[in-house]
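K.L.:
Chains as they are written, first to last, in the working numbering: chain A, 4 to 114; chain B, 34 to 149.
1) Quick check on residue 142 of chain B - is its C-beta less than 7 Å from some C-beta in chain A?
2) Smallest Cα separation from residue 77 of chain B: which of A:114, A:102 and A:8?
3) From residue 50 of chain B to residue 41 of chain B, what does the alpha carbon distance come to, in whole angstroms?
4) For residue 47 of chain B, collect the residues of the same chain with a Cβ closer than 7 Å to its Cβ; drop the 5 residues on either side in sequence, then sort them by chain order.
5) Using a Cβ cut-off of 7 Å (strictly closer), state whether residue 32 of chain A contacts chain B.
6) Determine contact between the stretch 115-133 of chain B and the stretch 58-67 of chain B, defined as no fewer than three beta-carbon pairs at a distance below 8 Å.
7) Name the chain B residues that come within less than 7 Å of residue 61 of chain A, Cβ to Cβ?
8) Along the chain, where does the beta strand (DSSP E) containing residue 45 of chain A start, and where does it finish?
9) Once you ignore the five residues that flank residue 57 of chain A on each side, which residues in its own chain have a CB closer than 8 Å to its CB?
10) Based on the DSSP secondary-structure assignment, which residues constitute the bridge partners of residue 95 of chain A?
11) Less than 7 Å separating the beta-carbons of residue 39 of chain A and residue 90 of chain A?
12) Helix, strand or coil for residue 96 of chain B, going by three-state DSSP, please let me know.
13) Taking buried to mean at least 16 other C-beta atoms within 10 Å of its own C-beta, is residue 28 of chain A buried or exposed?
14) Report yes if the C-beta distance between residue 30 of chain A and residue 83 of chain A is below 7 Å; otherwise report no.
15) Pick helix, strand or coil for residue 90 of chain B, following the three-state DSSP scheme.
16) Per the DSSP calculation, residue 115 of chain B is bridged to which residue(s)?
17) Would you call residue 100 of chain B buried or exposed, if buried means 16 or more other Cβ atoms sit within 10 Å of its Cβ?
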């Protein structure tokens, strides 16, 4: 599996934007970039995914570097409910559907 | 749809006993995953199935663990015999296919297993 690297922790203030980085320098052409988050005492929850172009949905935006070796998850206005562990995952959807989690980034949102 | 349903939500058992965890995936989803989560090791993929067939069980810790998917709507993860180090939260997830490509996975609420 191609590896991702994320900061262990980040802090933000409520109602401010948050940029969560992820490095994936060994990404292959068939790897999609997925982001999940896990709120306390819950199972992981899908946030967003993309291949090459930037993506937006109701939860977040995903900005993908032109060389695809890094990406950034953007929460436009952080709320206290966004405090969670955020996982950046590479998923090769052409060879099975293996979904492997790393250590993720613990996001703390201050009121 | 009620989402991925896991049972039981909590299980406390004595060392040496057999434990069976159950999962009902979302209807129509082609892939099913079993994970284990502990503070020390994080979220580990144990095994996953595509179309009811086990594809990769390299994450299963040892022969005491086994998983089955007899049909598209049910899967079990069995530990026999259980040991205290098996204490963890076990998650099941399922994922659909769109145009031949797998998309997001949906997770259940987990089963918290305590082996004493």
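Glycine included, C-beta positions come from ideal geometry on N, C-alpha and C.
Quick caveat: nothing in here was measured; it's all calculated off a predicted structure.
P.N.:
Answer, in terms of the structure:
1) Working through the second chain from its first residue, we reach residue 142 of chain B at position 109. So yes, residue 142 of chain B belongs to the interface.
2) As a working mapping, residue 77 of chain B is identified with position 44 in the second chain. Of A:114, A:102 and A:8, the residue nearest in Cα terms is A:102.
3) Locating residue 50 of chain B in the second chain gives position 17, where the first residue counts as 1. Locating residue 41 of chain B in the second chain gives position 8, where the first residue counts as 1. Taking the straight line from one Cα to the other gives about 16 Å.
4) Residue numbering aside, residue 47 of chain B sits at position 14 when the second chain is read from its first letter. If we look at residue 47 of chain B and ignore the five residues flanking it on each side, its Cβ neighbours are 149.
5) In the first chain, residue 32 of chain A corresponds to position 29, counting from 1. It does not; no Cβ of chain B falls within 7 Å.
6) yes
7) Position 58 of the first chain, counted from the first residue, corresponds to residue 61 of chain A. In chain order: nothing, as chain B lies at least about 14 Å away.
8) Counting from 1 along the first chain, the entry for residue 45 of chain A is found at position 42. Premise fails: residue 45 of chain A is in no beta strand (DSSP E) and is neither H nor E.
9) The residue you call residue 57 of chain A lines up with position 54 of the first chain. The answer, listed in chain order, is 64, 65, 66 and 67.
10) Stepping through the first chain from its first residue, residue 95 of chain A is reached at position 92. DSSP output for residue 95 of chain A lists A:34 as bridge partner(s).
11) Position 36 of the first chain, counted from the start, is the residue given in the question as residue 39 of chain A. Position 87 of the first chain, counted from the start, is the residue given in the question as residue 90 of chain A. For residue 39 of chain A and residue 90 of chain A, yes; Cβs fall inside 7 Å.
12) As a position in the second chain, residue 96 of chain B is number 63, starting the count at 1. Coil at residue 96 of chain B, not helix or strand.
13) Reading the first chain from its first residue, position 25 is the one you call residue 28 of chain A. Label assigned to residue 28 of chain A: exposed.
14) Here residue 30 of chain A refers to the residue found at position 27 when the first chain is read from its first residue. Here residue 83 of chain A refers to the residue found at position 80 when the first chain is read from its first residue. Going by C-beta atoms, residue 30 of chain A is not nearer than 7 Å to residue 83 of chain A.
15) As a first step, residue 90 of chain B must be located in the second chain, where it is residue number 57. DSSP places residue 90 of chain B in the coil class of the three-state scheme, outside both helix and strand.
16) Against the second chain, residue 115 of chain B aligns to sequence position 82. According to DSSP, residue 115 of chain B bridges with nothing at all.
17) Locating residue 100 of chain B in the second chain gives position 67, counting from the first residue. Residue 100 of chain B counts as buried, since no fewer than 16 other beta carbons sit within 10 angstroms of its beta carbon.
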